[in-house]
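The next block holds one structure in the form of structure tokens; read it before the comments.
Residue numbers (my numbering): 28 to 667.
Encoded structure:
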């Protein structure tokens with residue numbers, strides 16, 4: 028039996044590694060989790076941390092990198108990625124500690140790189156304390172549970188990019204056969220699902236009204252990724268990015284090929300339909316990618332992003348201009364803008380200010396939006412657009428529809444999907460304020476470095492870190508209801524409360540404290556009022572109330588795993604009580620799973636009468652209340 032279990036565990040890990048190598052991270056996570064529960068290892072922990080990082084699940088990534096950095100044999104990069112995950116979760120003070128450890132362990136880290144990381148953390152805390160007067164709202168009429176980003180204005184409508192489920196797309200991709208196979212697995216890339224995310228491929232969508240988003244009506248000539256797009260001012264020419272699989276592609280034996288992206292264009296015909304697509308001059312599928320096109324208002328300049336040889340960073344922004352015969356001239360690197368990092372999403376406003384995203388400058392985390400006014404043929408030094416336009420996550424695809432309103436894409440926490448589109452208003456009137464203190468619910472003492480978040484009903488959130496006395500404050504919008512909670516490593520949010528500015532007419536300062544409770548790892552905590560009738564394992568109504576609280580804690584703290592242990596009194600035989608307690612634990616766990624909690628996060632364990640709380644062992648004369656004390660349920664946090 029032991030040999031069989033060992034072989035099965037090895038098979039699960041082998042399958043997980045295969046999926047990981049093919050970038051199937053969503054599938055790999057499930058397999059690595061199963062492998063970890065069978066046997067924890069450095070390799071499994073490392074891969075789980077990487078998978079969650081690559082799928083942008085920042086809370087889970089932080090949890091697994093915290094475990095990884097405490098595991099013998101962890102590489103220096105683990106400390107860097109732990110810092111990145113902490114930074115993505117607004118824990119800038121803790122992130123600095125991990126960056127320091129990373130720089131200490133990895134001698135090749137230069138002074139400039141280290142200073143950039145540390146200065147970014149310090150700057151983010153300052154920006155969060157003094158947020159810019161900007162109101163953001165989740166564009167609910169556009170966003171789905173999938174990725175939605177890159178919105179642009181087209182004929183008073185919005186064109187955006189999404190990998191949402193679409194029956195029409197699924198019907199289209201059933202035609203024909205895939206024509207690229209991985210050398211090592213003989214697998215072709217699915218025409219229906221992008222394995223990295225588990226979602227459909229990206230497509231362009233058109234939103235004309237508040238409730239409907241339909242596929243943008245044109246034929247891009249690809250069954251894989253399509254998006255994002257840019258339109259000339261007259262709406263008659265468009266440029267867009269796509270992925271296609273060519274008949275001849277250079278690839279190394281045994282290594283899945285990462286397919287590059289290209290830019291194509293199309294012109295609108297007299298009948299209003301879009302004509303055939305044409306490849307961009309600088310496409311080179313086997314050598315580098317070109318993407319994120321932005322066509323100038325007059326149609327004579329094209330800005331784009333590429334990782335072509337000779338660039339300064341991971342991706343750089345280039346520009347080329349049309350010559351007298353209408354052909355694109357030389358691609359020129361924007362030296363005033365590019366860094367050693369990744370530049371994305373060029374955009375100009377009506378006043379010739381240039382906007383772009385990068386992770387190569389002092390920023391809050393991931394991609395930040397920067398503004399660089401044009402000055403003759405050059406640009407003034409780019410400035411970070413600050414908080415809350417930028418967040419601890421990726422913020423990109425910035426565009427203004429007028430001088431005060433626009434759109435930005437972000438995978439910030441609280442959105443509907445991985446990437447969401449947000450609309451924003453610059454310089455609104457904010458007349459109401461919220462102030463409070465973060466407190467330990469058990470001791471009543473203030474807690475510093477708590478990330479306090481204020482979330483609107485659409486999920487859009489503001490966050491700030493409490494000072495050394497636990498204080499925090501926010502500006503509030505008019506007629507808005509908020510949820511208020513706090514996050515701190517080693518604690519869980521004890522309660523979620525509401526704050527509202529609805530009905531307020533005059534400038535007001537509201538007061539509300541935030542309460543957190545410490546997480547005691549591997550310490551049993553008794554659930555009050557979880558009782559069972561004698562010889563029964565069904566969940567009573569009074570027990571259901573307490574189990575609902577456990578489910579709420581697990582939902583609000585998605586990285587926590589618990590063991591739910593059930594205990595009996597000493598009456599009946601030891602073997603019977605062991606079986607009964609397991610049935611009770613299973614019933615409680617199933618109840619919580621039915622509340623939407625993943626089953627791998629909660630383990631059922633029956634202890635029978637092995638852990639009595641009093642002296643009521645076999646043969647002792649005890650009251651019913653004394654026996655009831657032993658007939659209990661306890662939870663133990665086994666991972667946070």
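Just so it is clear, CB atoms sit at the ideal spot from N, CA and C, and this is done for glycine as well. Note that the coordinates shown come from a computational prediction; the quantities given were computed from them, not determined experimentally.
In terms of Cα proximity to residue 657, the closest of 500, 70 and 643 is 643. Within the same chain, Cβ atoms closer than 7 Å to the Cβ of residue 627 are found at 60 and 64, the five residues on either side in sequence being excluded. Rounded to whole angstroms, the Cβ separation of residue 631 and residue 612 is 4 Å, and the two are in contact under 8 Å.
Straight-line spacing of the CA atoms in residue 495 and residue 366 works out to 36 Å.
Approximately 13 Å separates the beta-carbon atoms of residue 557 and residue 578; this is outside 8 Å, ruling out the contact. The DSSP-derived three-state label of residue 247 is coil. Nearest in C-alpha terms to residue 610, of all of 634, 629 and 587, is 634.
Between residue 267 and residue 312, the gap from beta carbon to beta carbon reaches 8 Å or more. Sequence-distant partners of residue 614 (beyond 5 residues in either direction) whose C-beta falls short of 6 Å from its own C-beta, in its chain, are 564 and 566.
Considering only 89, 394 and 471, the residue with the shortest C-alpha distance to residue 521 is 471. Straight-line spacing of the CA atoms in residue 71 and residue 80 works out to 14 Å. Excluding the 5 residues flanking it on each side, residue 463 has same chain C-beta neighbours closer than 7 Å at 499, 538, 539, 540 and 541, in chain order. The beta-carbon distance between residue 160 and residue 457, rounded to whole angstroms, is 6 Å. This is short enough to meet the 8 Å contact definition. Counting only the Cα atoms, residue 380 lies some 18 Å from residue 343.
Residue range 264-269 is occupied by the beta strand (DSSP E) that includes residue 268.
Counting of Cβ neighbours within 10 angstroms places residue 371 among the buried residues, the total reaching 16 or more. Three or more Cβ pairs closer than 8 Å define a contact, and the segment 181-194 falls short of that threshold against the segment 144-151.
The closest CA to that of residue 253, considering only 317, 122 and 100, is found on 317.
Under the DSSP assignment, residue 453 falls in the beta strand (DSSP E) whose first and last residues are 447-453.
Taking 8 Å as the cut-off, the Cβ atoms of residue 355 and residue 308 count as close.
Between the alpha carbons of residue 121 and residue 112 lies a gap of roughly 10 Å. A residue is called buried when at least 16 other Cβ atoms come within 10 angstroms of its Cβ; residue 550 does not meet this threshold and is exposed. Close CB contacts of residue 432 within its chain, under the 6 Å cut and outside five residues either way in sequence, are with 452 (chain order). Distances from the alpha-carbon of residue 504 to those of 529, 596 and 109 put 529 closest.
Within a 10 Å sphere around the beta-carbon of residue 244 sit fewer than 16 other beta-carbons, which makes this residue exposed. Residue pairing by DSSP places residue 503 opposite 459 in a beta bridge.
In chain order, 162 place their CB closer than 6 Å to the CB of residue 455, counting only its own chain and leaving out the 5 sequence neighbours on each side. Counting along the chain, no beta strand (DSSP E) covers residue 420, and no H or E run does either. Assignment of beta-bridge partners to residue 175 by DSSP yields 189. DSSP places residue 389 in the coil class of the three-state scheme, outside both helix and strand. Under the three-state reduction of DSSP output, residue 632 falls in the strand class. Between residue 417 and residue 166, the gap from beta carbon to beta carbon reaches 8 Å or more.
Residue 364 and residue 490 have their C-alpha atoms some 29 Å from each other. Residue 411 holds the alpha-carbon nearest to the alpha-carbon of residue 398 among 40, 76, 411 and 405. For residue 410, the pairing in a beta bridge is given by DSSP as 398.
The C-alpha of residue 517 lies about 16 Å from the C-alpha of residue 493.
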